[in-house]
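> Before anything else, here's the structure in question.
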Amino acid sequence: MPRSPEDDLTLEPSMVRTAPQAPPPKTSRFAPGSIIAARYRLVALLGRGGMGEVYRADDLTLDQPVALKFLPEGVAADPVRLAQFHNELRIARQVSHKNVCRLYDLGDADGRRFLTMEYVDGEDLASLLRRIGRFPQDKAIDVARQLCAGIAAAHERGVIHRDLKPANVMIDGDGNVRITDFGIATAANDIGVDVAGTPQYMAPELLAGKPASIKSDLYALGLILFEIVTGRRTYDAKTLGELRQLHDTGTITTPSAIVRDLDPAVERVILRCLARDPDERPASVLTVAAALPGGDPLAAALAAGETPSPDMVAAAGETDAWPVTKGLSALLFVTIAMLLCAGFATRTTLSRLLPLDKPPAVLDDRAEQILSALGYNEPRGDTAHGLGPYAPYIVWIARTDLSPNRWDVLGRDRPPGFIFWYRTSPHTLAPRQLALHVTPLDPPQADTDMHTVTIDMHGRLIGFTSVPRQFEDGGAAAAIPPPWPQLFELADLPMRDFTAVETQWTPRDYADARGAWEGALPGRADLRVRVEAAAYRGRAVSFLLIGPWTVPTRMQAVQRALEDRIGYAVFLTVLVALLGGAVVLARYNVRHGRADRRGAMRVAIFAVCTELVSWVTGNHHLPDLRLEALSLSAVLSDAVALGVILWTIYAALEPYGRRFWPEMLLGWSRLLSGRIRDPRVGRDVLLGVTFGVVWFGLEIARRLLPQALGYPGTVPRMGSDATTLFGAAETISDWATIILRELQVALGSVLLLVVLRLLTRRASLAVPIAMVIIIYWWSTLTFTAALPVEVTYELIIAAAFTFVLIRFGLLAAAVARIVVGLCQAVPFTLQVSHWSATASNWTIAAIVLLAMFGFYASRAGEPLFGKFAPP
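According to the working numbering, the residues represented by the sequence shown are 554 to 1424, in order.
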C-alpha cells in the first residue's frame, strides 16, 4: 500500500510510545542559502524523521557537498543524550566501507546539534520502492549482497546499526547501495542500551525491551529483503500494539505467496532472518550473503572487510577436477625431470665424486681388524659409526686450487674426500645431548679402552685414538717396542720412504713413546704429509696423518668478528620481539574468536609427531631403559617447545593471512580440515612437486654452470647426505627432519608477508620487500668469479617462490620447499643396485608417488585420463 516516512513509528532512546505522535511541522527550520557554523551553506531539505532533519549543504572550506543532519532539540538540552550521541558518533566513524555512508563530525548551530555526513547523490530505498513497487530478482540479489557487505563491515568494527530500514538505505546514481543514518548506532558489546529505532523494522526482542545485537540487525535486514523482492512490508501496522500483536502471532506471509517465480534460496534466506528466536537466525551477515543464489562467502567477507573463517576459506574456490592434460603433463614432467636431475646430481654431490666401494658393514669389520691388530680385543660395550666429508681437505682444495676441474682430484686414490669413523666403548655410548647421534667427540672419549678408528673408504688407517688404562697394578712394564711399523702398514704407507723428524703434535691421552715422520704421500709426489704417533707400554694410543690441510683446531681460540656479534644481537632482539608480539596477537585472536585453533593445534601435533619419527628411526638407541627415557624426554621437550611456538605464531598471524591472501590458504585449509583427496589439494601438491623439481634442476645448473664457463668449480654439496647412505631408517629420519624444517620455512615466509602487509598496508610494497628479505634469508652467495651466476640464481628462486606462494598458495610452496630439501640432502645415483642407492631410490620413488597422488586427487573422482579412459 502507498506509504510515506511519516507512517513509520519511531522510538527514540528512553522514549517508548504506544501510539504515533503528531507529525513534525512541514516547514524547515533553516532556509536554503543559510550559512551554518560559518562553514556550511544549506542547499535544500532532503528529509525529515523522528531523529531529525537532513539538509544538503556545501562545505565552503573543502568545496564539496555534504549532508547535515540536525538532531532533535531535546538532545542539546540533555547532557546524557548529548554524551550518548558523542559516543555513538565515535563508534560509527570507525566504519569505512564503500557501501556505508561515512559520518564526519558533530557540530553546533544556534544551539542545534548536527551531524556532518557524506552526501550521497541518489534516492533512498523507501522512496524508490514506493515508485517502482519491487526490484527484479537479479537486481534484488545484487542490492542484498551490497547491503550484507556494508552491514558486515559495521559488525566487523563492533557497530550495530539499530535502525536499519529502507529510508536509511540510499541507492546512488550508479545503482550502488549506501547505508546511512548511524545516528543511533551503538557498540555491539554495549549492554543495556535504551530501545531506539523504527518499530516496523525492529526485531521482537527489541520491542520486548531487550538490548540490540547483531541478530536484531539481521532481523531488520530480513524485513528489508522481504520488501525489496515483494514490494510490500512484512508487517504493516498502524500502532505499536497492533505491531506487537502481529509479532506474537508469528504468522508471516511467505515471499513466494506474493512473487510466484521467486528463487527458493532467496525465500529461505529471508525467512531465516525473520525467525522469532534470535538463535534460529543466521550466525552472521556473511552467512546471509553466502546463502544468496550464486553467493561466494569468501568474496562477501572480503567485500565487507571481514576476516573469513578457516571453514569459509576451505569451502571457497573451485571443487572441479583439474584438466587431465595439465595434470598428466605435470606428472610426466616430474617423472622425466626427476630422473634427469638424479643423473646430473652425481656431478654436484661430494659422495658421488669419489669411489664408495665398501659398504659400512665391511668398513666396520675393517675397523675391528685394525683394533685387533693393535691388541685391543676387550669386549665391546657399545659401538657407533659414521661417515662424512673430510672437511679440512675439501676446504684446502677450495682455497688453493682455482681451476674449473679442481674437484676431479677427489676421484684419485688419496687423499680421501670421505672418511669413515668407528667408535667403541666398554660402556654405552650416551651422547651428552641425549636426543642426537653419537659423533667422534660426543660422548667425550674419556673412559679406559674407548677407541676411535678413522679410515678412508678403502679401509686405510688415517687416524686413531685410544684411552690407556687409568690404573696399572703390574709393576714396572717390560720394554715393549712401540708398534710404529704396524701403524704404517695399517695406513698402507711405506715406512722406508718416510724420514723421522721431531714430534710436534701432542696426543690426546698420556703416552710414554712418541714418534714423527715426514714423506711424500703414495701416488701423490706433489704432496708431503706428516705422520705423528704415540704409544703407551707398547700399544698405540694415537695415530694422525697430517697434510698441509690440517690445522691445530684445539689450540685456536674462537674469535667472532664484530659484525657477526652485532648481527647476532640484532637477530636475537628481533626474534624475541617477534615472539613477544606473536604471544600478544595470539591472545587477542583467541579471545576474539579469530584464531584457527584447530589448524594451529594440528600444525603443532604434526611437528611433535615428526620430531618423534626422526628420533625413533635415526637416533642411537641404548639398551638402558633409564638412558632411553632421558633421550625420549629430551627430544619430546624440544618437540613440544617447537609445537607451542608454531601454535602461537600460527594463531597470531594466520587470521591476517586469511584476510589479506585467502586464496593463498585455500588448499592448505582444506588439507588441515582433513580433505586430503580434495582436487585443490591434489592440484597444489602436484604443482608444488613440479616447482620443487624445477628448483632442484636450477640448483644443479647453478653448480655446473660456473665450471662450464671456465670459473672454478663450485664446492660440491656435503650437507646431511652422508647419514642417508646408511639405509632406510636413516633416510626416513632425514626425511622427517627436512619436512619439519622446510614446513617452518614455508610458514615463516607467509608470516613474513603478513607482517610486511600489516606494516606497509600495501601488498604492492609488502611483496617486493619480502623477496629481498627471502634472498638475504636463504642466501648462499659465495663471492667468487662466478658471482653473477650466484646472484641470478638467488633472484630467480626468490621471485619464483614468492610467485608460487601468492599465486598457487602455501600448500604448493611448502611442498616445493620439501621436495627441493629432500633432493639437496640425498646423494642421488642411477646405479639402483649399489649399496648406497637406498636413499636415492626411495627419494625418487617418494617424489614421483607424491606427484601421482596429486594427479589422482586433482581429478576429483573423474576418470584419470578423461575421455581416453576405457569404458
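Note that beta-carbon positions come from the ideal geometry of N, C-alpha and C, so glycine has one too. Computed from a prediction, not measured in an experiment: that's the story for all the values here.
If you follow the alpha helix (DSSP H) that F1354 is part of, which residue opens it and which one closes it?
Translated into positions along the sequence shown, residue 1354 becomes position 801. First-last of the alpha helix (DSSP H) with F1354: 1340–1360.
> Taking just the CA atoms, how far does D716 sit from I724?
One-based indexing of the sequence shown puts residue 724 at position 171. One-based indexing of the sequence shown puts residue 716 at position 163. Near 17 Å, if we compare the C-alpha coordinates of D716 and I724.
> By DSSP, does G600 sit in helix, in strand, or in coil?
The residue labelled residue 600 in the question sits at position 47 within the sequence shown. Residue state, collapsed to three classes: strand.
> Below 8 Å on the Cβ atoms is my contact criterion, and I expect L982 with P969 to pass it. Report the Cβ-Cβ distance as a whole number of Å.
Reading the sequence shown from its first residue, position 429 is the one you call residue 982. Reading the sequence shown from its first residue, position 416 is the one you call residue 969. Actually they are not in contact, since the Cβ atoms of L982 and P969 sit about 24 Å apart, beyond 8 Å.
> Going by DSSP, name the residue or residues bridged to E1071.
Counted from its first residue, the sequence shown places residue 1071 at position 518. Bridge partners of E1071: T1052, R1083.
> Under the DSSP definition of a beta bridge, which residues are partnered with Q617?
Residue 617 sits at position 64 when you count from the first residue of the sequence shown. In the DSSP output, where bridge partners are listed per residue, Q617 has D612.
> When burial is assigned at 16 or more other CB atoms within 10 Å of the CB, is I923 buried or exposed?
In the sequence shown, the residue the question calls residue 923 occupies position 370. Buried, because 16 or more other Cβ atoms sit within 10 Å of the Cβ of I923.
> Per DSSP, what are the beta-bridge partners of S974 in this structure?
Walking along the sequence shown from the start, residue 974 turns up at place 421. What sits at residue 974 in the sequence shown is Trp, not Ser. For W974, which the question treats as bridged, DSSP gives the partners G939, T1007.
> Measuring CA to CA, which of I889, A1073, L615 is closest to V1242?
The residue given as residue 1242 occupies position 689 in the sequence shown. Of the listed residues, the one whose Cα sits closest to V1242 is I889.
> Enumerate in chain order the residues of its own chain whose CB-to-CB distance from I1292 is below 7 Å, with the five nearest sequence positions on each side excluded.
Taking the sequence shown and counting its residues from 1, the one referred to as residue 1292 is at position 739. The answer, listed in chain order, is T1163, I1371.
> Apart from the five residues on each side of it in sequence, which residues of its chain come closer than 6 Å, Cβ to Cβ, to E606?
One-based indexing of the sequence shown puts residue 606 at position 53. If we look at E606 and ignore the five residues flanking it on each side, its Cβ neighbours are F623.
> With a 10 Å radius around its C-beta and 16 neighbouring C-beta atoms as the bar for buried, classify R821 as buried or exposed.
In the sequence shown, residue 821 corresponds to position 268, counting from 1. Exposed, by the Cβ-count rule.
> List the DSSP bridge partners of F623.
For the purposes of this step, residue 623 is taken as the residue at position 70 of the sequence shown. F623 pairs with E606, F667.
> Residue ranges of each beta strand (DSSP E) run of no fewer than 3 residues wholly in the segment 1211–1240, ordered along the chain?
Listed in chain order, nothing qualifies, since the segment 1211–1240 has no complete beta strand (DSSP E) run of 3 or more residues.
> Determine, using beta carbons only, whether A1410 and R1236 come nearer to each other than 9 Å.
Your numbering for residue 1410 matches position 857 in the sequence shown. Your numbering for residue 1236 matches position 683 in the sequence shown. Going by C-beta atoms, A1410 is nearer than 9 Å to R1236.
> Identify, in the order they occur along the chain, each residue of the same chain with its Cβ nearer than 6 Å to the Cβ of D1065, setting aside the five sequence neighbours on each side.
Working through the sequence shown from its first residue, we reach residue 1065 at position 512. The residues are Y1089.
> So, using beta-carbon positions, are R1270 and R1256 closer together than 9 Å?
For the purposes of this step, residue 1270 is taken as residue 717 along the sequence shown, with counting starting at 1. For the purposes of this step, residue 1256 is taken as residue 703 along the sequence shown, with counting starting at 1. Yes, they are a contact pair.
> Buried or exposed, going by whether 16 or more other CB atoms sit within 10 Å of the CB of T1201?
Residue numbering aside, residue 1201 sits at position 648 when the sequence shown is read from its first letter. The residue in question, T1201, is buried, as its Cβ has 16 or more Cβ neighbours within 10 Å.
> Count the other CB atoms, across all protein chains shown, that sit within 10 Å of the CB of W1288; report buried if there are 16 or more and exposed otherwise.
Within the sequence shown, the letter at position 735 stands for residue 1288. With 16 or more Cβ atoms within 10 Å of its Cβ, W1288 is classed as buried.
> Following the continuous beta strand (DSSP E) through L659, name the residue where it begins and the one where it ends.
Here the question's residue 659 lines up with position 106 in the sequence shown. Segment 656–662, the beta strand (DSSP E) holding L659.
> So V653 packs on G703, CB below 8 Å; how close in whole Å?
Position 100 of the sequence shown holds residue 653. Position 150 of the sequence shown holds residue 703. Confirmed, Cβ separation roughly 5 Å.
> Let's see if you can read the secondary structure: which residues bound the beta strand (DSSP E) around S1095?
Sequence index remark: in the sequence shown, residue 1095 carries index 542 (1-based). 1092–1099 is the extent of the beta strand (DSSP E) around S1095.
> Restricting to Cα atoms, I'd like to know which of R1061, F973, Q1057, L595 is closest to G998.
Position 445 of the sequence shown, counted from the first residue, corresponds to residue 998. Note that residue 998 corresponds to Gln in the displayed sequence, not to Gly. Checking every option, the nearest Cα to that of Q998 belongs to R1061.
> Quick check: the segment 763–783 against the segment 705–716, are at least 3 beta-carbon pairs closer than 8 Å?
The answer is yes - the segment 763–783 touches the segment 705–716, with three or more Cβ pairs under 8 Å.
> Leaving out five residues on either side along the sequence, give the residues of the same chain with a beta carbon under 7 Å from the beta carbon of G1210.
The residue given as residue 1210 occupies position 657 in the sequence shown. Excluding residues within five positions, the ones whose Cβ falls inside 7 Å are M1217, L1218, V1303, V1307.
> Candidates V991, I1033, S1019, L1043: which alpha carbon is nearest H1011's?
Against the sequence shown, residue 1011 aligns to sequence position 458. Looking at the Cα atoms, L1043 is the closest of the given residues.
> Once DSSP output is grouped into helix, strand and coil, what is the label at M1436?
A question about residue 1436 goes unanswered here, because the residues of the chain that appear run from 554 up to 1424.
> Just the Cα atoms here: how many angstroms apart are C894 and R710?
Position 341 of the sequence shown, counted from the start, is the residue given in the question as residue 894. Position 157 of the sequence shown, counted from the start, is the residue given in the question as residue 710. Looking at the two C-alpha atoms, the distance is approximately 53 Å.
> Note down, in chain order, each residue of its chain lying with its Cβ closer than 8 Å to the Cβ of G847, except the 5 sequence neighbours on either side.
Counting from 1 along the sequence shown, the entry for residue 847 is found at position 294. Taken in chain order, the residues that qualify are I694.
> Relative to the C-alpha of G660, which candidate in I805, L635, F1279, G964 has its C-alpha closest?
Your numbering for residue 660 matches position 107 in the sequence shown. That would be L635, whose Cα lies nearest to the Cα of G660.
> To the nearest angstrom, how far is it from the Cα of F1408 to the Cα of G934?
Working through the sequence shown from its first residue, we reach residue 1408 at position 855. Working through the sequence shown from its first residue, we reach residue 934 at position 381. Approximately 51 Å, taken between the alpha carbons.
> Going along the chain, which unbroken runs of the beta strand (DSSP E) with 3 or more residues stay wholly within the segment 893–971?
Entirely contained in the segment 893–971, the beta strand (DSSP E) runs reaching 3 residues are, in chain order, 935–942.
> Could you tell me which of R687, P1075, E676 sits nearest to N729, measuring between CA atoms?
In the sequence shown, counting from the first residue as 1, residue 729 sits at position 176. Checking every option, the nearest Cα to that of N729 belongs to E676.
> For T792, which three-state DSSP category applies?
For the purposes of this step, residue 792 is taken as the residue at position 239 of the sequence shown. Note: T792 maps to coil in three-state DSSP.
> Around the Cβ of P625, are there at least 16 other Cβ atoms within 10 angstroms (buried) or fewer (exposed)?
Sequence index remark: in the sequence shown, residue 625 carries index 72 (1-based). Result: buried.
> Decide if the segment 1181–1201 is in contact with the segment 1359–1374; the criterion is three or more beta carbon pairs, one per stretch, under 8 Å apart.
Flag = no, the segment 1181–1201 and the segment 1359–1374 do not touch.
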